[in-house]
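So for the sequence shown, my numbering puts the first residue at 137; every next one is plus one.
Glycine included, each C-beta is placed from N, C-alpha and C at the ideal position.
The structure presented is a predicted model; accordingly, all values stated were derived computationally and were not measured.
Written out below as structure tokens is the structure these notes cover.
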Amino acid sequence: MKNSTTKLMIAAAVMAVAASAASAQTLKADVPFAFRTAKGTLAAGTYTISMDNVHRIVLIQSRTESAMLSPTTRLDSGTEADAKLVFSCGVSHCTLVQVWSGNGHAAYEFHSSKPDRDDDATQASLVEIRLHHDAD
């Protein structure tokens, strides 16, 4: 009984997120490298990014992969005009650390995992990928 209740709660949450994501701002990015998120590693490719500011959820989807992310912090976007993804890149991998929707709207930060042993923190760099509005 408990298992079926849990499944129903998860299904309801997914439906709520999908419904609110449909009305959320949708942006698109071409990411030329594989990257890590809290939900796992995503391959290089074209992604649509939907930000639901009510439920504080960011949905990143390609044709073959997706990740539903919960930001750890809402950033003060101030007058930041550029919509972008920000990655922290070390020697062996890049990790998604921020999403900016642009024009002073929502900006979120994600928990960044500890660097691997072969990634020297002094060699880490931030890489920005510009987002554009999804014309579809």
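Reduced DSSP category for Ala219 - H, G, I as helix; E, B as strand; rest coil
The residue given as residue 219 occupies position 83 in the sequence shown. Here Ala219 sits in coil by DSSP.
Do the CB positions of Ile196 and Thr184 come within less than 9 Å of each other?
Working through the sequence shown from its first residue, we reach residue 196 at position 60. Working through the sequence shown from its first residue, we reach residue 184 at position 48. In contact: Ile196 and Thr184 (Cβ atoms closer than 9 Å).
Do you know offhand how far Leu221's Cα is from Arg192's?
Walking along the sequence shown from the start, residue 221 turns up at place 85. Walking along the sequence shown from the start, residue 192 turns up at place 56. So the alpha carbons of these two residues sit roughly 16 Å apart.
Where Ala158 sits in the DSSP three-state scheme:
Here residue 158 corresponds to residue number 22 of the sequence shown, with the count starting at 1. Here Ala158 scores only 45 on pLDDT, less than 50, and its place in the model should not be relied on; the value that follows carries that caveat. Note: Ala158 maps to helix in three-state DSSP.
Looking at the structure shown, is Ala170 part of a helix, part of a strand, or coil, going by DSSP?
Within the sequence shown, the letter at position 34 stands for residue 170. It is coil, neither helix nor strand.
Please classify Ala180: does DSSP put it in a helix, a strand, or coil?
Here residue 180 corresponds to residue number 44 of the sequence shown, with the count starting at 1. Collapsing the DSSP output to three states places Ala180 in coil.
Residue nearest to Ser186 in terms of C-alpha spacing, selected from Thr173, Ala203, Asp212, Leu178
On the sequence shown, residue 186 is found 50 positions in, with the first residue counted as 1. The candidate whose alpha carbon is nearest that of Ser186 is Ala203.
If I follow the unbroken beta strand (DSSP E) through Val233, where does it start and stop?
As a position in the sequence shown, residue 233 is number 97, starting the count at 1. Note, Val233: beta strand (DSSP E), 230–236.
Tell me the residue span of the beta strand (DSSP E) that contains Arg266.
Within the sequence shown, residue 266 is the residue found at index 130, counting from 1. Note, Arg266: beta strand (DSSP E), 261–266.
Range of the contiguous beta strand (DSSP E) that encloses Glu245
Numbered from 1 along the sequence shown, position 109 holds the residue referred to as residue 245. Per DSSP, Glu245 belongs to the beta strand (DSSP E) from 243–245.
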